[in-house]
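The listed protein sequences correspond, in order, to chains S and A.
Take 81 as the starting number for the first sequence in my numbering and just add one per residue.
Take 7 as the starting number for the second sequence in my numbering and just add one per residue.
Working notes, beginning with the structure itself.
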Amino acid sequence: MFGFWGRLLDINLSTGATKVVEVPEEIFRKYVGGRGLAAWILWRELGSRWEFIDPLGPENILLVLTGPLTGYYPGIKLVVSGKSPQSGGVIGSTVSSELGVELKSAGYDGLMLRGSSEKPVYVYVDDDGVQIRDATSLWGLGGLKLAEALNDLLYKDMKIERGLDTLPSYIYVGPAGENTVRTSVVMSKHTHAAGYGGYGAVMGSKKIKAVVAKGFGPLPRVSNWGEVIELRKEILRELSNRMRIFRYWGTTEGLWYTGYVTSSEPVRNWLEEWHDVRSFSHEEAERKCWVRNLWSDWGCPTSCMKLSRVSEDARPYVTDGPDYEMGAYLGSNLGVFDIESVVKLSALADELGLCGIQTGNVIGFAIELFERGYLTRDDVGCELRWGNTDCITEILHDIAYRRGLGAILAEGTYRAALKLSERVGVDLLKYGVQVKGVAVGAHGIRSGLDYPQKIAYAGSVQGGDHTSTAGTPLKSTESEAFTAFLDSAVICFFNTVDTVKLIKYLNAVTGWGFSEEDVYLSGVRILTIQRVLLLLGGPDVFWDPRIHDDNPERFYEPLTSGPKKGEAPRREDVKIELIKYYEELGWDELGVPKEETLMKLGVSELIREVERVRVRINLNA
Amino acid sequence: MKIWILRDYSRCVGCRLCEIECSLRHEGIIWPAASRIRIHEYIYGFPIPYLCVQCDDYPCVASCPTKALSVSETGAVLVNEDLCVMCGSCVNVCPGKIPRMVNGKKAVIICDLCGGNPACVEVCESMGFNALKLVRKPAGEVVKAYLTNPHKSSRDLARKLSVF
Ligand code: SF4
Ligand code: SF4
Ligand code: SF4
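In structure tokens form, the structure reads like this:
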């Protein structure tokens, strides 16, 4: 086996028992790693009772997985997964974290965390195995405070136990994750997050404050070392030449570009997707907030991250960029166009361990309700209006600590909309810009200038996830099958190069001899499992493809401003596109995988779950 | 000629490509723990490249009971793998605790300036970061300033920018 150790650590937080699980090469060949491996593990372990499993209960399994290219391909990502408390399906959530390399260096490809602990703990993994350590003193902390406390602790341990001046890597949750907020994230290095999926809440429900690892060995062997070295050099050179976009401005550039140029930025809960506020931009961020304009993670020459800081009352607020998604969702989407306020809100979201996208989305939704009179000052405690940064700051905290209205918003846009609809007796779901429980990322589809695929979100197995969108043709980088593959090989999307070269790289590491055909086949296999588990859903949400395989209502309202004023997709076209896409995937017109497809993909046992899906959405009648 | 690696902390982006290239050059594999250069990022966002400074008085070399350490033409400390018994005396006397004893290696590892052609500098430069630069070795004790505890350096840098 090359590129993998074939070993996962299976850790039960309820009993403290740990064991090593061997994963045969054949499984990696079929599912590649990362997201694919997550789909397979969750299906095998929980599939038979999927719809009854509470994502926030001890039965759920939190997965922390690497891929075959972890450490070898420039840049670093890690996949966090489990049954999602947002969609009820499986989301392969990615985060920049050296933890992947540390795990590999310690001799493991990933971790399975089950059960739940009674008291706060952190999981510590090194070459000698696993320890479950007390984390009482860390509970409640986030951001740089958490980093300082945990780094001190780990540094001292390392010094005493090994005599080394070195720090392990880790992922952790902030207060929001501890309080099982569905819009919480799994954090790394105080500004990075595995956002989509709500896995911060899963980690919090298990009382895991952090997962720490330090490895002292080399990465697993590769199949063709000479070729890996050559390709690596070539790709490093290529990436370091992509100076302007990612290196110089990072994704911060999107604040201006995605709004003014491609008109696809959330502005006031998507009432608009265009703005011409010149100061809501990367240049302004650079001028006013950047304290470091180049910051990379492990092995990455792209260096897209920037470090921003603002001070208020002598207290620093620190975040990256702000990166585009956070900046747009906590900025323009809330009617906040002042870059320093955006940095502050992003930094707060980071500190609280909240997802900028999901939380910015649900707050935008709440502001719209307030403006429309469905929420009042009594409900909120302050004037929740567009651009009221102080009130938004309050709400961020209320969500993280589940206080007052915050307790409802902490459930995410979809669930909050259902609850509030019930309360006021009006259907409020139409103001929620989400798909299958997952708020839509900060890239609209109406203008067609940014995300040209009208089924991008409607057909995704990860709902509103802008990093995993559906599209045709199937065998192209437009399709979700390709993304599923990238997230399984675990490569950073910004560091991708030509597909042929990527496949060559994978083969040089693994020796699998994958063709392009194999890549898409594995992608479709992964999507098929994800789709079936998503349609099983539960326990509190279920998706009917006839209703929920669709864009949010708002995306059918014509754009009210910008270069594409008046544009909106037509629902009929979306339906037609979807059917075409499903057909390419070997799914029926409702997107339920056909039996022959399961056979072809070598997952015929999935038929049991498919049968249950058919019963649930009444297809057999 | 005595050469030296000048490190500009304010330019280091924390990419660790230097660590990777160092382990590739010496071990032929990617083995971060066996890199002779280390990036310490105690305060995230403020990485500090940390490696041997080739002290003017070479206390490590003087302390070695088996004479496993010597100074090369470039000024680097060379380790004779056959003589090193991993006693740890060089680690103890090194003001920066630079020499490393890594599981799976039979001798300590110390930066060898890659025989005059440092792999770390090459990658740092070619990626356009220029945090590491090859220069003529400065005379005297001044080089030891770069042995300040990297965790402290990281903190100081963060403090200077009021991040912390
Ligand atoms: S290669 Fe240069 S920029 Fe990157 S971590 Fe090393 S010293 Fe810093
Ligand atoms: S820094 Fe340490 S290893 Fe390098 S010359 Fe000085 S004492 Fe020796
Ligand atoms: S000069 Fe060579 S041995 Fe020294 S740290 Fe750089 S790559 Fe490693």
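Glycine included, every Cβ here is placed at the ideal spot set by N, Cα and C.
Let me see if you follow: with CB-CB separation under 7 Å, is residue i close to chain A or not?
i, result
"S/S383", "yes"
"S/C435", "no"
"S/S176", "no"
"S/W85", "no"
"S/F417", "no"
"S/S320", "yes"
"S/V265", "no"
"S/K269", "yes"
"S/P396", "yes"
"S/S248", "For the record, residue 248 of chain S in the displayed sequence is Pro; it is not Ser. With 7 Å as the cut-off, S/P248 does not count as an interface residue toward chain A."
"S/C380", "yes"
"S/P553", "no"
Can residue i be considered in contact with ligand 3, in the sense that its beta carbon sits closer than 6 Å to one or more heavy atoms?
i, result
"A/D118", "yes"
"A/P105", "no"
"A/P124", "yes"
"S/I91", "no"
"A/C28", "yes"
"S/R312", "no"
Am I right that residue i and residue j are in contact with their C-beta atoms under 8 Å? What's the rounded C-beta distance?
i, j, result
"S/I447", "S/L476", "Incorrect: roughly 13 Å between the Cβ atoms, too far for contact."
"A/F170", "A/I49", "6 Å"
"S/N675", "S/G127", "Correcting the residue type first, residue 675 of chain S is Glu in the shown sequence and not Asn. Wrong, their Cβ atoms sit about 17 Å apart, outside the cutoff."
"S/G521", "S/I437", "6 Å"
"A/D62", "A/V141", "The Cβ separation is near 15 Å, so there is no contact."
"S/W378", "S/I656", "Wrong, their Cβ atoms sit about 44 Å apart, outside the cutoff."
"S/L489", "S/A496", "5 Å"
"A/I36", "S/G151", "6 Å"
"S/V205", "S/K289", "Between S/K289 and S/V205 the Cβ distance is about 15 Å, and since that is not below 8 Å, they are no contact."
Based on the DSSP output, what are the partners of residue i in its beta bridges?
i, result
"S/H387", "In the sequence as displayed, the identity of residue 387 of chain S is Leu instead of His. For S/L387, which the question treats as bridged, DSSP gives the partners S/R372 and S/D400."
"S/T98", "S/I91"
"S/G190", "S/L88 and S/L145"
"S/I288", "S/V201"
"S/Q211", "S/Y204"
"S/L434", "S/S264"
"S/E125", "Answer by DSSP bridge pairing: none, since S/E125 is not bridged."
"S/T174", "S/V159"
"A/Y56", "A/R44"
Can you tell me whether DSSP reads residue i as helix, strand or coil?
i, result
"A/S41", "coil"
"S/V518", "strand"
"S/A550", "coil"
"S/A293", "strand"
"S/A496", "helix"
"S/H628", "helix"
"A/P124", "coil"
"S/M238", "helix"
"S/I251", "strand"
"A/M92", "coil"
"S/E106", "helix"
"S/R696", "helix"
"S/S568", "helix"
"S/W329", "helix"
"A/K111", "coil"
"S/A490", "coil"
"A/A82", "coil"
"A/W10", "strand"
"A/S76", "strand"
For a cutoff of 7 Å on Cβ pairs, would you count residue i as touching chain S?
i, result
"A/I116", "no"
"A/Y50", "yes"
Compute every distance between the C-beta of residue i and the non-hydrogen atoms of ligand 2, then say whether any falls below 6 Å.
i, result
"A/C66", "yes"
"A/C90", "no"
"A/V59", "yes"
"S/G243", "no"
"A/V83", "yes"
"S/G127", "no"
Using a threshold of 6 Å, is the CB atom of residue i nearer than that to any non-hydrogen atom of ligand 1?
i, result
"S/G155", "no"
"S/L616", "no"
"A/F135", "yes"
"A/V19", "yes"
"A/C130", "yes"
Can you find a heavy atom of ligand 4 that lies under 6 Å from the Cβ of residue i?
i, result
"S/G284", "Annotation note on ligand 4: not contained in the displayed structure, which lists ligand 1, ligand 2 and ligand 3 as its ligands."
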